[in-house]
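Structure first, commentary second.
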Amino acid sequence: MIAKNVWIPCVGTFAVSESNEPFNPTVGKVEYADASPVEIDETGVKYSEFSWFEDGSEKLTLFKRYLYNATLANIAVVYQDADDNDTWKVKTFLTLPNSHLTLQLRE
58 MIAKNVWIPC VGTFAVSESN EPFNPTVGKV EYADASPVEI DETGVKYSEF SWFEDGSEKL
118 TLFKRYLYNA TLANIAVVYQ DADDNDTWKV KTFLTLPNSH LTLQLRE
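Take the sequence shown: its letters are residues 58 to 164, numbered as in the working numbering.
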């Protein structure tokens with residue numbers, strides 16, 4: 058599923074618009090603001106279309122760490138229906154308690 062808005066400290070705020078299918082990764086527009094939600098509200102910072110962070114940048118490193126952790130917290134498989142290629146479906150899996158989870162961080 059797609060989160061509509063997410064703030065990643067030290068990275069920025071992302072928003073997904075123009076999407077009405079939460080399981081379909083092919084529709085929608087990702088926008089980005091280099092600010093927190095509070096800063097956006099207080100100063101009127103505008104979102105712009107997101108383009109990838111520069112290779113080797115600190116923001117890219119922090120963004121990848123966030124995605125890695127988010128993946129562990131919400132394990133799901135998004136797939137196209139075999140009978141209807143226009144339909145996207147999701148299958149979620151229960152996560153194990155922390156005592157059963159082993160993490161290996163790679164840089």
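We put the beta carbon where it would ideally sit given N, CA and C, even for glycine.
Beta carbon of residue i nearer than 8 Å to that of residue j
i	j	result
Ala72	Asn62	yes
Lys86	Glu106	yes
Tyr123	Val68	yes
Close beta carbons around residue i, own chain, < 7 Å, minus the five adjacent residues each side
i	result
Ile97	Thr70, Ala90
Residues near residue i by beta carbon distance below 6 Å, same chain, minus five either side
i	result
Asn126	none
Thr149	Ala133
Distance between beta carbons of residue j and residue i, contact taken as under 8 Å
i	j	result
Ser76	Val84	5 Å
Worksheet item: Touch check for the stretch 101-115 and the stretch 127-141: three-plus C-beta pairs under 8 Å?
Response: no
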